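Remarks on the structure that follows.
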């Protein structure tokens with residue numbers, strides 16, 4: 059394990075070696091506490107173990123000297139801790155304790171809620187996204203408090219339990235409690251080091267609406283000899299779904315869908331062009347083969363950053379067991395996520411989808427809205443706090459961060475960017491991990507302490523000569 | 059319970075009252091034995107409990123004086139019994155001991171393999187299709203043997219275990235063992251009395267091929283933020299499926315699909331026109347509403363009898379749990395049955411489907427063939443044995459049978475019609491029941507003894523003055 063406390067590019071003070079030592083000394087304890095949290099199946103999609111996990115997080119904070127308290131949102135409890143520092147600068151760090159469902163279960167090498175160490179990796183659902191990240195931050199703060207008894211800057215920690223389902227309540231809660239959350243800048247989760255060891259910084263989020271299309275047929279599954287007489291909801295659903303995308307290109311053809319898409323700026327494109335090629339690791343990490351042509355890969359990356367998508371996440375209906383069964387299904391369903399970009403409005407997209415299905419002759423296909431609260435938002439890349447964080451990150455890691463103008467995924471950034479009005483980054487660097495949302499999610503154990511050390515150093519340096527006066 | 063032993067239209071001898079009394083005396087035992095058989099989950103699609111059930115059937119036969127023996131096919135054991143009679147006429151009766159899978163399990167009022175009596179109905183998977191039917195025949199034969207010590211005509215009983223999946227082995231076995239099965243006519247399962255008490259007689263079968271279309275995407279489910287970069291197999295499947303049917307009418311548009319469809323003859327149409335309207339009970343029995351216009355209902359019936367269909371029996375892929383999960387599925391699948399009519403060839407239909415998908419740009423969509431062995435076939439409605447059976451049925455029930463030139467469903471008739479070359483009918487009358495292949499399948503207990511009595515009487519009368527000399 060690296061014992062570095064120095065920025066890779068000299069010129070700034072090192073991390074206090076006592077803080078680094080404290081993090082190192084407690085390493086086994088950190089991983090043990092992480093494993094304890096990962097045993098809790100805090101699956102927000104199923105409403106499981108959420109209060110238990112929130113209380114475990116608050117309890118852990120208090121044991122580490124951090125004044126964590128439960129705050130109630132309309133959905134699930136969150137954990138809030140507010141600490142002052144020597145500097146008036148305040149950083150808000152947002153993480154989440156909920157996790158994605160673990161299925162397909164049979165593809166896990168070890169059970170998802172039985173954290174298992176293999177070859178230096180800890181495997182569990184949520185170990186990387188986002189419990190490991192959270193614990194690295196808590197470990198940094200614990201070490202600073204242990205050594206110094208106070209923090210260099212003010213810190214607000216907000217840890218919530220509906221992130222994986224874009225729960226709307228935390229977003230309302232943020233908007234309704236600006237005084238509890240007053241800050242100069244916000245970090246949401248934390249970015250990964252890429253395969254080349256280069257840190258990331260993400261400035262915006264895609265939004266999302268997630269709907270289920272449901273077609274109904276006979277009141278129960280019927281013998282398929284009646285197929286000529288009964289509308290088959292699986293065929294209805296297939297025909298309705300087929301109208302959503304262009305049969306050739308797969309482009310989304312819901313009228314009005316693209317109207318509010320804010321094109322990438324020239325600066326956004328330049329930042330994207332400067333990114334290390336993220337597709338390089340796809341074949342090894344994901345088993346998918348990117349285009350061979352570099353220009354095609356760059357265009358693909360611009361799409362991933364800046365274009366909306368429609369994904370059938372699940373489709374079901376009728377008999378799915380082994381062998382064959384000759385039935386007309388009673389119902390057929392498709393779960394679809396629409397990932398949106400600034401300035402699309404998820405609720406409006408649902409309305410456009412309804413209008414489209416009606417116009418295409420499918421008024422009987424129901425739309426069940428799982429969420430339409432994932433709002434897209436973007437922090438300008440020329441914000442002074444963005445530049446400060448980028449400079450500190452570069453100083454520590456010796457490489458400029460890979461700045462993504464917008465995340466390919468959805469992040470709870472909009473309430474901070476538009477609700478609190480502060481520059482917000484998917485920033486700081488999390489422990490290395492992977493297979494988020496997929497079987498065999500993992501965290502590289504030896505990356506935990508370096509991530510904690512960097513966060514501790516960042517806290518110390520963010521109070522130096524603040525680039526802008528406190529807002530609001 | 060009716061104690062009738064007389065034909066409803068006099069002129070023919072009644073059923074020997076001792077035989078009727080024997081059937082009545084053993085009624086409780088018959089239902090108890092039926093319940094024992096229905097406890098065996100003989101699901102051919104899952105290969106469950108097949109040998110155990112075959113042996114239970116053979117054992118029951120022997121306990122009832124019928125020389126049942128196991129015969130091995132390449133798939134599953136069958137049960138064969140061959141008995142001579144006073145008359146040289148030989149009737150082959152074919153039934154099956156296998157059943158459809160019971161799901162959706164949550165829609166059963168009582169568990170499918172725990173036979174349960176409610177309001178005079180016995181509920182269990184297979185109780186009507188086809189174990190009740192089989193037991194009514196065995197009960198009739200047992201009663202005749204008990205009273206007389208011999209049968210009036212020769213009887214061959216063949217009970218197999220792959221009917222619900224159109225297992226090909228029994229069809230080969232029938233073709234390869236004509237000497238064991240030599241007969242003058244064949245009954246396959248048995249027809250229902252309709253809601254008005256009118257018996258049925260079915261002269262032909264639809265065929266079937268059952269395929270699974272499978273589209274593959276990433277090696278495991280991936281985070282949907284990569285949707286722009288990864289081919290989603292659910293979209294691929296939807297777009298491929300959508301090419302199979304006309305978007306407006308739902309008509310099958312695979313080139314060549316309809317080429318071999320033998321149109322219904324004028325006589326077939328007349329028979330269909332004379333059928334009591336089967337759609338009358340749909341709303342109550344199936345919860346589906348037939349067209350209001352009688353001419354439209356008649357056209358629908360001609361379609362059900364004479365036109366091929368394509369049914370999505372099941373579709374699956376990705377996340378189907380509660381709430382939402384944002385993944386690109388690794389694989390998406392659709393199970394499809396094509397119900398075919400004479401003289402379509404199921405193997406050829408699979409080839410046409412492959413060619414169609416290739417031509418439409420989906421060479422990567424795999425076709426897994428579950429069966430292409432369900433061959434359509436039809437016995438001419440002017441066959442003398444058809445006329446004899448129809449006349450006897452009419453004499454007993456006092457109403458002409460509803461003669462269906464072709465079944466809406468698939469029946470193992472082709473090996474008898476084309477393999478053995480004998481007139482074959484879905485004939486005789488089974489106990490009343492319903493919800494075949496669906497949850498809450500049932501048999502009306504009080505209809506069991508009347509069905510057994512009719513079969514006993516039919517055996518007695520089929521040897522009178524045979525309409526044609528023994529074939530072959």
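Chains as they are written, first to last, in this note's numbering: chain A, 59 to 530; chain B, 59 to 530.
Ideal placement from N, C-alpha and C gives every residue a C-beta, glycine not left out.
All figures in this text were calculated on a predicted structure; none of them were measured in a lab.
In DSSP terms, what residue i is bridged to
i              : result
residue 263(A) : 435(A)
residue 395(B) : 268(B), 369(B)
residue 483(A) : 245(A)
residue 350(B) : None, per the DSSP bridge assignment.
residue 501(B) : 180(B), 491(B)
residue 138(B) : 127(B), 216(B)
residue 468(A) : 264(A)
residue 258(A) : 460(A)
residue 153(B) : 217(B)
residue 424(B) : 272(B)
residue 389(A) : 274(A)
Cβ pair residue i, residue j closer than 8 Å
i              : j              : result
residue 375(B) : residue 393(B) : no
residue 502(B) : residue 244(B) : no
residue 109(A) : residue 135(A) : yes
residue 517(B) : residue 202(B) : yes
residue 536(A) : residue 362(A) : Outside the displayed range of chain A (59 to 530) lies residue 536(A), so it cannot be described from this structure.
residue 181(B) : residue 416(B) : no
residue 297(A) : residue 300(B) : yes
residue 103(A) : residue 382(B) : yes
residue 426(B) : residue 526(B) : no
residue 195(B) : residue 227(B) : no
residue 490(B) : residue 390(B) : no
residue 507(B) : residue 85(B)  : yes
residue 387(B) : residue 279(B) : yes
residue 462(A) : residue 515(A) : no
residue 94(A)  : residue 116(A) : no
Contacts that residue i makes with chain A (C-beta to C-beta distance below 7 Å)
i              : result
residue 290(B) : 369, 370
residue 158(B) : 383
residue 165(B) : 278
Residue i: contacting residues in chain B (beta-carbon distance under 7 Å)
i              : result
residue 365(A) : 286
residue 374(A) : 373, 374, 378
residue 390(A) : 373
Inter-residue CB distance, residue i and residue j (contact presumed, cutoff 8 Å)
i              : j              : result
residue 533(A) : residue 265(A) : Given that chain A is displayed from residue 59 to residue 530, the structure contains no residue 533(A) and the question cannot be resolved.
residue 212(A) : residue 143(A) : 4 Å
residue 99(A)  : residue 171(A) : 5 Å
residue 161(A) : residue 379(B) : 6 Å
residue 125(A) : residue 139(A) : 5 Å
residue 423(A) : residue 271(A) : 6 Å
residue 65(B)  : residue 72(B)  : 7 Å
residue 318(B) : residue 403(B) : 7 Å
residue 183(A) : residue 157(A) : 5 Å
residue 369(B) : residue 282(A) : 4 Å
residue 154(A) : residue 221(A) : 3 Å
Partners in chain A for residue i, counting only beta-carbon separations shorter than 8 Å
i              : result
residue 345(B) : 276, 277, 278
residue 348(B) : 287
Partners in chain B for residue i, counting only beta-carbon separations shorter than 8 Å
i              : result
residue 462(A) : Those do not exist, as residue 462(A) stays about 11 Å from chain B at its closest Cβ, beyond 8 Å.
residue 496(A) : 278, 279, 280, 281, 385
residue 263(A) : Per Cβ cutoff of 8 Å: no residues; residue 263(A) is ~10 Å from chain B at best.
residue 358(A) : 286, 287
residue 429(A) : 382
residue 326(A) : Correct list: empty, because the minimum Cβ distance to chain B is about 16 Å.
Contact list for residue i against chain B, beta-carbon separation under 9 Å
i             : result
residue 83(A) : Result: empty, since nearest Cβ-Cβ is about 36 Å, beyond 9 Å.
query = Using 8 Å as the Cβ pair cut-off and three pairs as the minimum, do the stretch 411–421 of chain B and the stretch 246–259 of chain A touch?
reply = Fewer than three Cβ pairs drawn from the stretch 411–421 of chain B and the stretch 246–259 of chain A lie within less than 8 Å of each other, which leaves the two stretches out of contact.
ask   = Between the stretch 442–451 of chain A and the stretch 284–303 of chain A, do at least 3 Cβ pairs fall closer than 8 Å?
value = Touching, no.
inquiry  = Using a Cβ distance threshold of 8 Å, determine whether the stretch 489–497 of chain B contacts the stretch 181–192 of chain B, with at least three qualifying pairs required.
reply    = With a cut-off of 8 Å, the stretch 181–192 of chain B and the stretch 489–497 of chain B count as touching, because enough Cβ pairs lie within range.
Stretch-stretch touch, CB-based, cutoff 8 Å, three pairs: the stretch 396–406 of chain B with the stretch 423–439 of chain B = Yes, the stretch 396–406 of chain B touches the stretch 423–439 of chain B.
request  = Count the C-beta pairs between the stretch 112–129 of chain B and the stretch 455–469 of chain B that are closer than 8 Å, then say yes if the count reaches three, no if not.
outcome  = Contact fails: fewer than three Cβ-Cβ distances are below 8 Å.
ask   = Does the stretch 259–279 of chain B come close enough to the stretch 465–475 of chain B that 3 or more CB-CB pairs lie under 8 Å?
value = At 8 Å Cβ cutoff, the stretches touch.
request  = Flag this pair as touching only if the stretch 323–333 of chain A and the stretch 346–359 of chain A have three or more C-beta atom pairs under 8 Å; answer yes or no.
outcome  = Contact between the stretch 323–333 of chain A and the stretch 346–359 of chain A is present, with at least three C-beta pairs closer than 8 Å.
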